[in-house]
Each structure stands twice: as C-alpha cells, then as structure tokens.
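**Q** Following this message is one structure expressed as structure tokens.
What follows is the structure, encoded as structure tokens:
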C-alpha cells in the first residue's frame, strides 16, 4: 500500500495493476517478465517488482508518476520476495540466497549465501531480515551480516509459509498457505498466535501486508483459476479481537505484496 492509500498488485500475467482507495483500477503496466513480489519505495515513489522467470531475471522499477517502466536491474537468477531497508532493496535469489541492491548504482551485495526455496518471501525490521521457506515450514531471522538469530518451526501451526510482514514494534505476521491461516510471531520468535484461519474464510492465503498508518493487515488469496475471485481481508483494531472485512477485487489471478517502510 502506498502512502496515498493506493494498492499495487503483481501477477503471473506480466502485469502490475494499481488500484485506488475505492478498489477501482487506477492504471496498469505491462511487464517484460512474470511478476512475483512488489515493494513501494516512498523516497522516489517507485515500485520494484521481482521476476519469477528463468527467461528474464531482473527487478523492474516502475515510476508511479509517469506510470512507466523506469529501468530493469539484471540479476543472475529468478528472484522472489523483496523488501526495503534504508532505501536499499533486499531480495531473495532462487537457490542463491539473500542480496542487497543499491537502486542508485545497481551494486549488489550478498547477505546470505545459502540455498533458498522458490516462492520465498522476505521482510525487514531495523537490523533484522525475516525469510519464509515453504519447503521446510520455517521462518528464519537473520541479522544484516547474514547470521541466523532464530528459526520458527511449529508442526501443526504453520504449514507452507509464504507472505510475511512486520509491524512497527517488530511483531511478525506470516501466511500459512497449506494451514490456511495467518500466524503472529513475537520479535524474538518465542511466542506465536493464530489470528486468522479457515473459519474466517481463508482458502489459499498466499501474501500479506501490514499497514502501519492504517493499523490494518491485508491478506491476499492465490487463485490458480481465472474464474476464482481473490479477496482482501482487512483486520482492524486489537490483535486479540480483530474485525474482519472481505473486499472482492474481481476475477484476477493475483499474487500480492503491498509493502512500504
């Protein structure tokens, strides 16, 4: 979600779509690759979109003002989750690890050089990086030097974790695609609580975004059929007693990441 309340979506149909605060499409941009994850940079008002594609491996930068592609940053492999840390892009490279990109000079620095799963998502908070791994059913916390601080793995609680985000005090929110839930995890990885489940209407949750300004959690479903309508789940108020509202977005095959720091 951008600072003006608009929402940006990436999909597997080579398109990025931006919706206004009423849920109506504002504009769309055709991409040179399949889009996976997306992050909004408030400093220069751009979107950075990763590519789940072996044919074209890059991060595409979209200028919000002109609604045009500004540039593409070439990468050595497919790339999945992406986040911001002090105006630098942190992304997951398929089977390569976690990397940091300076968007100004496009220099790349490796942070973690371990094999990563496809479709891994990432989030940052201060000097911490959080990575999901759906193959191992884990959420791992690293420092900026790439050292593991803790790993969360609870059988029967979180299965096939994908989307992840962090609130303003360091609590994590993680989507469990197979467990059909959203789990909140404390900043030290020791405490957890399921805050959304299938009983709330989750079918195949895949990605999410925590809006600090609105104090809301937005969750997106993944649909592999064109006629299935994805929904956003808005959760407002205290985590103990969240209010939930469904907002249909039409017949679109979306994977969503709404992220701004």
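Numbering (this note's numbering), first residue to last: -17 to 243.
Where a beta carbon is used, it is the ideal one built from N, C-alpha and C, also for glycine.
Bear in mind that the values here come from a model prediction, so they are computed numbers and not experimental data.
Can you tell me whether residue 180 is helix, strand or coil according to DSSP?
**A** Residue 180 carries a helical assignment under DSSP once its states are collapsed to helix, strand and coil.
**Q** Which residue comes first and which comes last in the beta strand (DSSP E) that contains residue 256?
**A** Residue 256 is absent from the model: the chain starts at -17 and stops at 243.
**Q** What residue range does the beta strand (DSSP E) around residue 33 cover?
**A** 28 to 33
**Q** Roughly how many angstroms separate the alpha carbons of residue 147 and residue 157, rounded to a whole number?
**A** 9 Å
**Q** If you drop the 5 nearest sequence neighbours on each side, which residues of the same chain put their C-beta closer than 6 Å to that of residue 90?
**A** 81, 83
**Q** Should residue 188 go down as buried or exposed, given a rule of 16 or more other Cβ atoms within 10 Å for buried?
**A** buried
**Q** Counting only runs of 3+ residues fully inside the stretch 132 to 194, write out the beta strand (DSSP E) ranges in chain order.
**A** 143 to 148, 154 to 158, 163 to 167, 174 to 178, 187 to 193
**Q** According to the Cβ coordinates, are residue 132 and residue 171 closer than 8 Å?
**A** yes
**Q** Where do the N-terminal and C-terminal ends of the beta strand (DSSP E) with residue 91 fall, by residue?
**A** 90 to 94
**Q** Answer with buried or exposed for residue 181, where buried requires no fewer than 16 other C-beta atoms within 10 angstroms of its C-beta.
**A** exposed
**Q** Taking the alpha-carbon positions, what's the residue 155 to residue 169 distance?
**A** 10 Å
**Q** Could you check whether residue 43 and residue 28 sit closer than 8 Å to each other, using their CB atoms as the reference points?
**A** yes
**Q** Compute the distance between the beta-carbons of residue 143 and residue 121, then report whether it is under 8 Å.
**A** yes
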